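First residue of the sequence shown: 25, per the numbering used here; consecutive thereafter.
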Amino acid sequence: MMRCPHSYCVAVRRADGGLATEQAPLAKPSEQYPALGWPVLRGLGMLGQALWLGMKALRFSANVALPEDETRGKQAEISGWVMALNLVLSLGFFIFLYKFVPLYLATRLGDWTPALAGRVVFNLVDGLIRIALFVAFLWLISRWKDMRRVFEYHGAEHRVVFNYESGQPLSVENARRFSTLHPRCGTSFLMVVMLVSIAGYTLLPFESFGWRFASRVLLLPLVAGVSYELIRAAARGRRRWRWAVTAPGLWLQRITTRPPCDEQTAVAIRALEGALEL
């Protein structure tokens with residue numbers, strides 16, 4: 025999937041080798057709701073739209089992969105409620121693995137070792153456990169063949185974006201020269217969110233497990249919004265500041281991107297061309 029400021033396009037390789045595309049105009053959240061143009065809130069608007077587009081892209085690609093319903097003579101489709109249920113389950117898994125588990129382990133370590141129970145050290149341990157779980161999860165799923173192909177398409181997207189930003193004509197040959205690691209990838213955003221959360225949670229005075237867990241869930245939108253502003257400021261700042269913010273995400277992309285084949289790069293090119301057409 026590729027998106028431009030006012031459009032997006034999803035391109036999917038069919039089983040017969042052809043390409044299926046879905047493209048549409050796209051309004052910025054702040055154009056629909058002016059309040060989402062304010063600092064911090066604009067990050068939430070962009071994140072919400074990214075999640076919505078991601079679900080649309082997944083549904084479209086899944087529907088393309090489904091076989092034709094021979095009894096009805098039309099393409100089978102995944103219903104919206106199935107995708108909504110998948111989103112709810114994914115959110116629940118995220119909260120359990122990256123909020124509950126790190127907090128529980130940090131609490132137990134604090135009980136066993138009083139030196140780890142101080143507010144600063146406790147939240148540092150909690151954050152490091154969260155990052156370790158996140159990296160380990162990504163590494164494990166990268167060993168799965170189907171996810172490896174997803175990461176190859178991820179690398180294809182980055183190469184094609186670099187190709188476009190260079191001003192050279194979009195082509196498989198030109199895109200092949202570029203890196204699969206891109207500083208404006210959403211992976212960088214996730215890493216910044218985790219690092220900002222360590223500092224943010226340290227400011228909270230809560231001591232009980234229940235209040236700490238509730239605050240981590242309820243303040244997640246605020247942490248995401250602040251992280252977006254940090255990345256936005258870094259993009260306009262000095263090179264060292266920009267490197268400090270983007271480097272963790274670039275390191276993580278060594279797991280979440282893989283060198284693509286030429287056919288995968290061609291799909292990414294078609295997606296970008298489709299987004300640019302509107």
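Glycine included, every Cβ here is placed at the ideal spot set by N, Cα and C. Quick caveat: nothing in here was measured; it's all calculated off a predicted structure.
> Span of the beta strand (DSSP E) holding arginine 37?
Replying inline: Unbroken beta strand (DSSP E) run through arginine 37: 31-37.
> Is the beta carbon of arginine 172 less than 8 Å from the beta carbon of threonine 289?
Replying inline: No, these two residues do not count as a Cβ contact at 8 Å.
> Given a threshold of 16 other Cβ atoms within 10 Å of its Cβ, counted over all protein chains shown, does glutamine 277 qualify as buried or as exposed?
Replying inline: buried
> Under the rule that 16 or more other beta-carbon atoms within 10 Å means buried, what is glutamate 181, buried or exposed?
Replying inline: buried
> Contact check, glutamate 253 vs proline 63 under 8 Å by CB: the rounded distance?
Replying inline: 6 Å
>> Distance check for phenylalanine 230 and glycine 298, CA to CA, integer angstroms please.
In response: Distance between the alpha carbons of glycine 298 and phenylalanine 230 is about 50 Å.
> In angstroms, rounded to a whole number, what distance separates the CA positions of leucine 274 and arginine 256?
Replying inline: The C-alpha of arginine 256 is placed about 16 Å away from the C-alpha of leucine 274.
>> Do leucine 68 and alanine 223 count as a contact pair if the criterion is CB distance below 8 Å?
In response: no
> For serine 203 versus phenylalanine 186, is the C-beta distance shorter than 8 Å?
Replying inline: yes
>> Helix, strand or coil, according to DSSP, for alanine 48 in the structure here?
In response: If DSSP states are grouped into helix, strand and coil, alanine 48 belongs with the strands.
>> Taking DSSP's pairing of strands, which residues face cysteine 285 in a bridge?
In response: Cysteine 285 pairs with nothing; no bridge assigned.
>> Along the chain, where does the alpha helix (DSSP H) containing methionine 218 start, and where does it finish?
In response: 210-226
> Counting only runs that start and end within the segment 178-210, where is the beta strand (DSSP E) found for 3 or more residues in a row?
Replying inline: none
>> Output needed for proline 53: all residues of its chain with C-beta closer than 6 Å, excluding positions within five of it in sequence on either side, in chain order.
In response: Here the set comprises Leu60, Gly69, Gln73.
>> At 4 residues or longer, what runs of the alpha helix (DSSP H) sit wholly inside the segment 82-146?
In response: If we require 4 residues or more, the alpha helix (DSSP H) runs fully inside the segment 82-146 come out as 104-119, 125-136.
> Going by the CB atoms, is the gap between asparagine 147 and threonine 45 shorter than 8 Å?
Replying inline: no
> For threonine 281 versus leucine 162, is the C-beta spacing smaller than 8 Å?
Replying inline: no
> So valine 112 and valine 36 are in contact, right, with Cβ under 8 Å, and what is the actual spacing, rounded?
Replying inline: At roughly 25 Å, the Cβ-Cβ gap does not stay under 8 Å, so valine 112 and valine 36 are not in contact.
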